[in-house]
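Residue numbers (my numbering), protein chains in the order written: chain A, -3 to 272; chain B, 43 to 335; chain C, 14 to 140. Note that beta-carbon positions come from the ideal geometry of N, C-alpha and C, so glycine has one too. Notes follow once the structure below has been shown.
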Amino acid sequence: MEVAVLSGKGGTGKTTVATNLARMLGWNYADCDVEEPNGFLFLKPEITLSETVTVKSPQIDGSLCVSCQRCVQSCQFNALAYAGQRIMLFSKLCHGCGACMYSCQTGAIKEVPRPVGHVDIGSSAGLRLVQGVLDIGEPMAGPVISKVKQMLNEGDWLVDCSPGSSCNVVKAIDGADFALLVTEPTPFGLHDLDIAARLAEQMGIPHAVIINRSDSMDGIIHRYCQDNDISVVGSIPFSRKAALLYSQGNMLLDDSEYAAVFERLGSALKEAIKCS
Amino acid sequence: MQLVIISGKGGTGKTTIAAAFSWLAGTSIKADCDVDAANLHLLLGGKDQTATPFIGAKVAQVNNELCTECDRCTMACRYNAISGHVIDELRCEGCGACAVVCPVQAISLVDQVTGSTIITSTDKGLLSRAEMEIGAEGSGKLVTEVRKNVHLHRTGDQMVILDGSPGVGCTVMASLTGVDVALIVGEPTVSGIADFKRVADLAEQLGVPTLVCVNKYDLNPDLSEQLHSHCVQRNIPLVGRIPFDPLVNRALHELQPIVAYPASPAAKEIVAMWEKIIGLVKEEALDENCSSK
Amino acid sequence: MRVCVSSTGPNAAAKVDSRFGRAPYLVFFDTEEQTYDFMENPGLGSAHGAGIAAAQEVVNQKAEVLVTGNLGPNAKAVLDAAGIAVYQTDGRTVSDELTAYKKGELLPLDRVSAPHTGLGQQQRRAR
Chain A
-3 MEVAVLSGKG
7 GTGKTTVATN
17 LARMLGWNYA
27 DCDVEEPNGF
37 LFLKPEITLS
47 ETVTVKSPQI
57 DGSLCVSCQR
67 CVQSCQFNAL
77 AYAGQRIMLF
87 SKLCHGCGAC
97 MYSCQTGAIK
107 EVPRPVGHVD
117 IGSSAGLRLV
127 QGVLDIGEPM
137 AGPVISKVKQ
147 MLNEGDWLVD
157 CSPGSSCNVV
167 KAIDGADFAL
177 LVTEPTPFGL
187 HDLDIAARLA
197 EQMGIPHAVI
207 INRSDSMDGI
217 IHRYCQDNDI
227 SVVGSIPFSR
237 KAALLYSQGN
247 MLLDDSEYAA
257 VFERLGSALK
267 EAIKCS
Chain B
43 MQLVIISGKG
53 GTGKTTIAAA
63 FSWLAGTSIK
73 ADCDVDAANL
83 HLLLGGKDQT
93 ATPFIGAKVA
103 QVNNELCTEC
113 DRCTMACRYN
123 AISGHVIDEL
133 RCEGCGACAV
143 VCPVQAISLV
153 DQVTGSTIIT
163 STDKGLLSRA
173 EMEIGAEGSG
183 KLVTEVRKNV
193 HLHRTGDQMV
203 ILDGSPGVGC
213 TVMASLTGVD
223 VALIVGEPTV
233 SGIADFKRVA
243 DLAEQLGVPT
253 LVCVNKYDLN
263 PDLSEQLHSH
273 CVQRNIPLVG
283 RIPFDPLVNR
293 ALHELQPIVA
303 YPASPAAKEI
313 VAMWEKIIGL
323 VKEEALDENC
333 SSK
Chain C
14 MRVCVSSTGP
24 NAAAKVDSRF
34 GRAPYLVFFD
44 TEEQTYDFME
54 NPGLGSAHGA
64 GIAAAQEVVN
74 QKAEVLVTGN
84 LGPNAKAVLD
94 AAGIAVYQTD
104 GRTVSDELTA
114 YKKGELLPLD
124 RVSAPHTGLG
134 QQQRRAR
């Protein structure tokens, strides 16, 4: 079972929901928000293994190259150029797709690994934990996310995604059995919940909503969910206490009042998955 | 001057501050570079003037009449985007490797509309923004397009306020390059500090001068202090400490910028911060003139 | 000899575009034949690496000189490898810039436009 936790908007509490639910349900946790992975700050695992993530990067053998420039023309990302009688590679633009190598008629291009980030594997309180970390200045998160997803072999997983609805979120939720959409009762939260819900819908992933920082304004989210036939698993009330616990990197579960909230959310989530 | 507001972590208050600055700046032009979840237009209101389809990507297309079902494309594709000679458009990166290996030229790359760029006219000047198709690729290029529209409509040295996107990836890089100054909105949480460091590293790598403010600083004064000492260590000026203020949420629900509530403690600090930034920019302009003589 | 100018429009009266990779047009002027070729800039449609695509076009068109405003590090690397001299525009029309170039009035653009410097101690110290 793989449950993706996402939200159109950043900062709605994806990581709070994913980490606390993981611990409450005894599920494993994977952080696919590789640009800003934060789940490990809360779950504080002992990291037992760290693996470099690489992409394939072309290497050109000048002695075999006949300067036909087929590789330059084949590259859709402008990562190759031909000037001064040689092929130049701009590796940060390379997607590692292999088109240049396939296009080469003389076998002058081979591929070598180029590091773009790493994946950490650890454990905490019996849970398996994985996070992906993108190197600073690397524009493409996709390969790091894919590597994290490869690690999710057996068992139940909560997958923490990046905000938005871009290609990175698509990669992270691809193959998920269920999506949990975290929102907050503000006009921004509503606007971006709609984006997340449409993405889940388009990818054919059954989904439900959790309202974080719940207050007297929850009505705007409930109305949306009713109109769109999406179930609301529950809500997490706002309090300064919760904000403080979060700010210190502590789990909301450490507080008995919030532990009860997550217990209810956990069983409601299981129920929602069963019904989907 | 071009000022971009970024945060690393999502939800720290970028758009709240960008909307407040838009209100304070008078005749500025705005760009919402958070193309994945654009929100600034919700606060600024206004009327859309133009919407232009945006071709953000290419996608492979198979001509079934030519296809011999040899499966070379399926084997060549590194994104698992081809199965049974059908392209999965959500997975396709538009790299064209399939077209290269196809022995009968049955595959071509075609333009894909991935969103639209929009010019909205608001009470506080023009807003350049975009809406993306769900799950679309190429948001870095879209940011570039949004910024291009700014330059098409900008008059002379008109101030540009850019609302950035969270993270440190390609959209953030596209919103950071070539700006005069970046304001990082930090928050006093362990994740906020971790993300602040990453985005500050990125700005440094790109050579963009950086300022910092701490939002909701009083929710955890100890961590605010920690964030402050990081700034001191890295020589990044701290230009504001915005207190937690329930009025911010109310303003949001009423779709008003927080500075429309003069009694709000958060608004007061944002106004002071705005004046400080303008002061710093002027000072710098003077320095530049002196040093170029 | 062919001289390339990054341009806002497809005619000699158009203003020079100070951007290189994202300029709408590249104008190629043949100094012997006194003829113009106007090309759409291939960089314009690129999601990334616009400067590289534009520089490749300048190389392919066998220009020996480029007149533009700003040049990123990648584009500069390509032009340098091909030995193309780059001159700084004054922001006038394409024909004015070409006249100025012929008279030897243009300055070489030797500075790569790093994203703007200034403001804040960290950059000042680095200078």
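Subject >> Neighbourhood of ILE203/B by C-beta, 7 angstroms cutoff - its chain only, sequence neighbours within 5 removed >> reply: Mapped onto the second sequence, residue 203/B falls at position 161. Hits under 7 angstroms: LEU45, ALA60, PHE63, SER64, ALA67, SER70 and LYS72.
**OP:** Using a Cβ-Cβ cut-off of less than 9 angstroms, list which residues of the segment 118 to 136 of chain A approach chain B; keep chain order.
**Re:** LEU130, ILE132, GLY133, GLU134, PRO135 and MET136
Original post:
Residue ranges of each alpha helix (DSSP H) run of no fewer than 4 residues wholly in the segment 103 to 156 of chain B, ordered along the chain?
Top reply: 114 to 118 and 139 to 143
Original post:
Exposed or buried, which one is ALA26/C when buried takes at least 16 other CB atoms within 10 Å?
Top reply: On the third sequence, position 13 is the one that residue 26/C refers to. By the 10 Å Cβ count, ALA26/C comes out exposed.
Original post:
What residues in its chain sit with their C-beta under 8 angstroms from that of MET215/B, if we drop five residues either side in the sequence?
Top reply: One-based indexing of the second sequence puts residue 215/B at position 173. Within the same chain, MET215/B has close Cβ partners GLY182, LEU244 and LEU248.
Subject >> Range of the contiguous beta strand (DSSP E) that encloses VAL129/A >> reply: In the first sequence, residue 129/A corresponds to position 133, counting from 1. Its beta strand (DSSP E) spans residues 123 to 130.
Subject >> Among ASP131/A, SER120/A and LEU186/A, nearest to ASN24/A - alpha-carbon criterion >> reply: Here residue 24/A corresponds to residue number 28 of the first sequence, with the count starting at 1. Selected option, being the one with the closest Cα: SER120/A.
**OP:** Taking all protein chains shown into account, decide if ASP27/A is buried (16 or more other Cβ within 10 angstroms of its Cβ) or exposed.
**Re:** The count along the first sequence starts at 1 and reaches residue 27/A at position 31. ASP27/A should be labelled buried.
Original post:
Between the segment 49 to 72 of chain C and chain B, which residues of the former have CB atoms less than 9 angstroms from a CB of the latter, in chain order?
Top reply: GLY58, SER59, ALA60, HIS61 and ALA63
Original post:
Roughly how many angstroms separate the alpha carbons of THR12/A and GLY22/C, rounded to a whole number?
Top reply: The residue given as residue 12/A occupies position 16 in the first sequence. The residue given as residue 22/C occupies position 9 in the third sequence. Approximately 52 angstroms between the Cα atoms of the pair.
Original post:
Which stretch, first to last residue, makes up the beta strand (DSSP E) that contains GLY262/A?
Top reply: Within the first sequence, numbered from 1, the residue matching residue 262/A stands at position 266. Taken as a continuous stretch (DSSP letters only), GLY262/A belongs to no beta strand (DSSP E), being part of the alpha helix (DSSP H) at 252 to 271.
**OP:** Compute the Euclidean distance between the alpha carbons of THR57/B and LEU17/A, then round it to the nearest angstrom.
**Re:** Position 15 of the second sequence, counted from the start, is the residue given in the question as residue 57/B. Position 21 of the first sequence, counted from the start, is the residue given in the question as residue 17/A. Cα to Cα, THR57/B sits roughly 29 angstroms from LEU17/A.
Original post:
Hey, out of MET201/B, VAL152/B and LEU132/B, whose CA is closest to GLY171/A's CA?
Top reply: Sequence index remark: in the first sequence, residue 171/A carries index 175 (1-based). The shortest Cα separation from GLY171/A among MET201/B, VAL152/B and LEU132/B belongs to LEU132/B.
Original post:
At a Cβ cut of 7 angstroms, what residues of the segment 112 to 123 of chain B count as close to chain A, listed as they run along the chain?
Top reply: ALA118 and ARG120
Original post:
Is the Cβ of MET147/A closer than 8 angstroms to any Cβ of chain B?
Top reply: Along the first sequence, one-based indexing puts residue 147/A at 151. No - not a single Cβ of chain B is within 8 angstroms of the one on MET147/A.
Original post:
Exposed or buried, what is GLN134/C when buried is set at 16 or more other beta-carbons lying within 10 Å of its beta-carbon?
Top reply: Indexing the third sequence from 1 puts residue 134/C at position 121. In this prediction, GLN134/C scores a pLDDT of 33, lower than 50, which makes its location untrustworthy; the coordinate-derived value is nonetheless stated afterwards. GLN134/C comes out exposed.
Original post:
Are the CB atoms of ASN164/A and SER158/A nearer to each other than 8 angstroms?
Top reply: Residue 164/A sits at position 168 when you count from the first residue of the first sequence. Residue 158/A sits at position 162 when you count from the first residue of the first sequence. A contact, by the Cβ cut-off of 8 angstroms.
Original post:
Are there 16 or more other CB atoms within 10 angstroms of the CB of VAL128/B, so buried, or fewer, so exposed?
Top reply: Sequence index remark: in the second sequence, residue 128/B carries index 86 (1-based). Per the 10 Å Cβ criterion, exposed.
**OP:** Mind listing, in chain order, the continuous beta strand (DSSP E) runs of no fewer than 3 residues lying wholly within the segment 242 to 310 of chain B?
**Re:** 252 to 257 and 280 to 284
**OP:** On a CA-only basis, which of LYS40/A, VAL30/A and VAL1/A is nearest VAL232/B? Give me that one, please.
**Re:** For this step, residue 232/B is matched to residue 190 along the second sequence. The shortest C-alpha separation from VAL232/B is found at LYS40/A.
Subject >> Coarse secondary structure for ALA26/A, derived from DSSP in three states >> reply: Numbered from 1 along the first sequence, position 30 holds the residue referred to as residue 26/A. The answer is strand: DSSP assigns ALA26/A an E or B state.
Original post:
Under three-state DSSP, which class holds ILE176/B?
Top reply: Position 134 of the second sequence, counting from 1, holds the residue named residue 176/B. It is coil, neither helix nor strand.
Subject >> Whole-angstrom C-beta distance between GLY113/A and GLY128/A, which should lie under 8 angstroms >> reply: On the first sequence, residue 128/A is found 132 positions in, with the first residue counted as 1. On the first sequence, residue 113/A is found 117 positions in, with the first residue counted as 1. Going by Cβ atoms, the distance from GLY128/A to GLY113/A rounds to 6 angstroms, so yes, they are a contact pair.
**OP:** Answer with buried or exposed for ARG171/B, where buried requires no fewer than 16 other C-beta atoms within 10 angstroms of its C-beta.
**Re:** In the second sequence, residue 171/B corresponds to position 129, counting from 1. Burial call: buried.
**OP:** In the DSSP assignment, find the alpha helix (DSSP H) that holds ILE48/B and state where it starts and stops.
**Re:** Stepping through the second sequence from its first residue, residue 48/B is reached at position 6. No alpha helix (DSSP H) contains ILE48/B, which is instead part of the beta strand (DSSP E) from 44 to 48.
Original post:
Is it a yes or a no for the segment 102 to 114 of chain B touching the segment 153 to 170 of chain B, going by three-plus beta-carbon pairs under 8 angstroms?
Top reply: no
Original post:
Taking the alpha helix (DSSP H) that GLN101/A falls in, what are its first and last residues?
Top reply: Numbered from its first residue, the first sequence carries residue 101/A at position 105. Run containing GLN101/A: none; DSSP gives neither H nor E here.
Subject >> Within 8 angstroms of chain C by C-beta, residues of the segment 183 to 214 of chain B in sequence order >> reply: LYS183, THR186, LYS190 and CYS212
**OP:** Write down the C-beta distance between VAL205/A and VAL228/A rounded to the nearest angstrom, noting that I regard them as a contact closer than 8 angstroms.
**Re:** As a first step, residue 205/A must be located in the first sequence, where it is residue number 209. As a first step, residue 228/A must be located in the first sequence, where it is residue number 232. Confirmed, Cβ separation roughly 5 angstroms.
Original post:
Since GLY246/A is in the beta strand (DSSP E), which residue starts that stretch and which ends it?
Top reply: Reading the first sequence from its first residue, position 250 is the one you call residue 246/A. Residue 246/A is actually Asn in this sequence, not Gly. Where ASN246/A is concerned, there is no enclosing beta strand (DSSP E), given that its DSSP letter is neither H nor E.
**OP:** Can you tell me which of VAL301/B, ASN257/B and ILE235/B puts its alpha carbon nearest to the alpha carbon of VAL281/B?
**Re:** For the purposes of this step, residue 281/B is taken as residue 239 along the second sequence, with counting starting at 1. Looking at the Cα atoms, ASN257/B is the closest of the given residues.
Original post:
From which residue to which residue does the alpha helix (DSSP H) around VAL107/C run?
Top reply: Here residue 107/C refers to the residue found at position 94 when the third sequence is read from its first residue. Taken as a continuous stretch (DSSP letters only), the alpha helix (DSSP H) holding VAL107/C covers 107 to 115.
**OP:** Just the C-alpha distance for ILE161/B and THR179/A, rounded to the nearest angstrom, thanks.
**Re:** Working through the second sequence from its first residue, we reach residue 161/B at position 119. Working through the first sequence from its first residue, we reach residue 179/A at position 183. So the two alpha carbons sit approximately 28 angstroms from each other.
**OP:** Mind reading off the beta-carbon distance from LYS143/A to GLY94/A? Whole number of angstroms is fine, and I expect it under 8 angstroms.
**Re:** As a first step, residue 143/A is located in the first sequence; it is residue number 147 there, counting from the start. As a first step, residue 94/A is located in the first sequence; it is residue number 98 there, counting from the start. Incorrect: roughly 18 angstroms between the Cβ atoms, too far for contact.
Original post:
What distance in whole Å lies between the Cβ atoms of GLY177/B and THR8/A, which are believed to be in contact at a cut-off of 8 angstroms?
Top reply: Taking the first residue of the first sequence as position 1, residue 8/A is located at position 12. Taking the first residue of the second sequence as position 1, residue 177/B is located at position 135. Contact doesn't hold; Cβ gap of about 19 angstroms is too wide.
Original post:
Cβ of VAL126/A within 8 angstroms of Cβ of GLU(-2)/A?
Top reply: Residue numbering aside, residue 126/A sits at position 130 when the first sequence is read from its first letter. Residue numbering aside, residue -2/A sits at position 2 when the first sequence is read from its first letter. No, these two residues do not count as a Cβ contact at 8 angstroms.
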